[in-house]
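Some notes on the structure that comes next.
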Amino acid sequence: MENQFIRSEMLLTENGIKTLQNSHVAVFGVGGVGGHCIETLVRSGVKEVSIIDNDTVSLSNLNRQIVALHSTIGQSKVEVMKKRLLDINPNAIIHTYETFVLKDTIDEIDLVGVDYIIDCIDTMVAKILLIEKAKEMQIPIICSMGTGNKLDPTKLQIGDISKTSYDPVAKVLRRELKARHIKKVEVLWSTEQPIKPMIPWEVNPNIIKRNVPGSVAFMPNIAGIMLAGHVILQIIDKK
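Going by our numbering, the sequence shown runs without a break in its numbering and finishes at 386.
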């Protein structure tokens, strides 16, 4: 019988693929980073994923997000992603949550049995809540820092939050985690100094939110694939 994972088995081994097929990964955020992260997990053999995002696809997502097409504008990101994943692997088990992570909503997301959490959220309060929940449940977690206002994918790296530099998101997160006495949080970040974004002359600055960073297709997508690759190897190595 033809096996869609045969090329992956050549590197990850048959047992490695079986391990991934028996694993459950939760990805929070189905945007530029999260979308490619989720797809890479499923293409690699992870059979069960939970995807969490309360947003819908918008026109401004088209430059970088895998769920964003003109035909999907206005649709739920998690539902668009689920349809795509099931077309990649019809046997995949996809749990969707159209939920924004808050103190009052985080317990609505079933994390029992989850082997790894990948945080691709872009709000600090949600990141902190998710890290606290992961620590409480003793689930390994890796968090994406900022890829906005950056252009050099060779500066992306994975390591402990304490080692980060040139990353405004990581700077705030380090401070907040220190205040909560939380240590040893694995993150993906870029050592590139942020670029000051320019607003195109033809765009009315009044319609652009003040703190929205500039973005390109390759930075968040590469970051998402790196996160997935790291988690895949961690899962195979630990089981």
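Cβ coordinates follow ideal geometry from the N, Cα and C atoms, glycine included.
Practice problem: Count the C-beta pairs between the segment 253 to 266 and the segment 218 to 227 that are closer than 8 Å, then say yes if the count reaches three, no if not. | Solution: no
Exercise. For the beta strand (DSSP E) holding threonine 311, just list the boundary residues, first then last.
Key: Counting along the chain, threonine 311 falls outside any beta strand (DSSP E), and DSSP gives it neither H nor E.
Quiz item: To which residues does DSSP link isoleucine 303 through a beta bridge?
Solution: The amino acid at residue 303 is misidentified as isoleucine; the sequence shows leucine. Partner(s): Ser337.
Quiz item: DSSP three-state call for aspartate 254: helix, strand or coil?
Solution: helix
Self-check item: CB contact flag (methionine 292, threonine 311, <8 Å)
Solution: yes
Self-check item: aspartate 200: CB within 7 Å of a non-hydrogen atom of the ligand HEM
Solution: Of ligands this structure carries none, so the ligand HEM is not represented either.
Quiz item: CB-CB under 6 Å to valine 193, same chain, minus the five flanking residues each way: which ones, in chain order?
Solution: Leu167, Ser170, Val172
Exercise. Kindly list the residues whose CB is nearer than 7 Å to the CB of threonine 203, restricted to its own chain and excluding five residues on each side of it in sequence; keep chain order.
Key: Gly221, Gln222, Ser223, Lys224
Self-check item: Distance, valine 196 Cα to leucine 259 Cα
Solution: A small correction: the amino acid at residue 259 is valine; leucine does not occupy that position in the sequence shown. Valine 259 and valine 196: Cα-Cα distance of roughly 12 Å.
Exercise. Use the C-beta contact count for leucine 320: other C-beta atoms within 10 angstroms, 16 or more gives buried, fewer gives exposed.
Key: buried
Exercise. Would you grab the beta carbon distance between isoleucine 342 and proline 300 for me? Rounded to a whole angstrom, and I think it's under 8 Å.
Key: Between proline 300 and isoleucine 342 the Cβ distance is about 14 Å, and since that is not below 8 Å, they are no contact.
Quiz item: Between which two residues does the beta strand (DSSP E) harbouring valine 272 extend?
Solution: No beta strand (DSSP E) contains valine 272, which is instead part of the alpha helix (DSSP H) from 271 to 284.
Quiz item: Does the separation of the CB atoms of phenylalanine 247 and asparagine 296 fall below 8 Å?
Solution: no
Quiz item: For alanine 273, which option in Val261, Cys290, Met284 has the closest C-alpha, if you only look at C-alpha atoms?
Solution: Cys290
Quiz prompt | histidine 183, enclosing alpha helix (DSSP H) - first and last residue | solution = 179 to 191
Exercise. Could you say if the segment 180 to 187 and the segment 362 to 379 meet the contact criterion of at least three C-beta pairs nearer than 8 Å?
Key: yes
Practice problem: Please go through the same chain and pick out, in chain order, the residues whose beta-carbon is closer than 7 Å to the beta-carbon of isoleucine 354, but skip the five residues on each side of it. | Solution: Interpretation of isoleucine 354 is limited by its pLDDT of 49, a score under 50 that renders its predicted location unreliable; no figure is taken from the coordinates.
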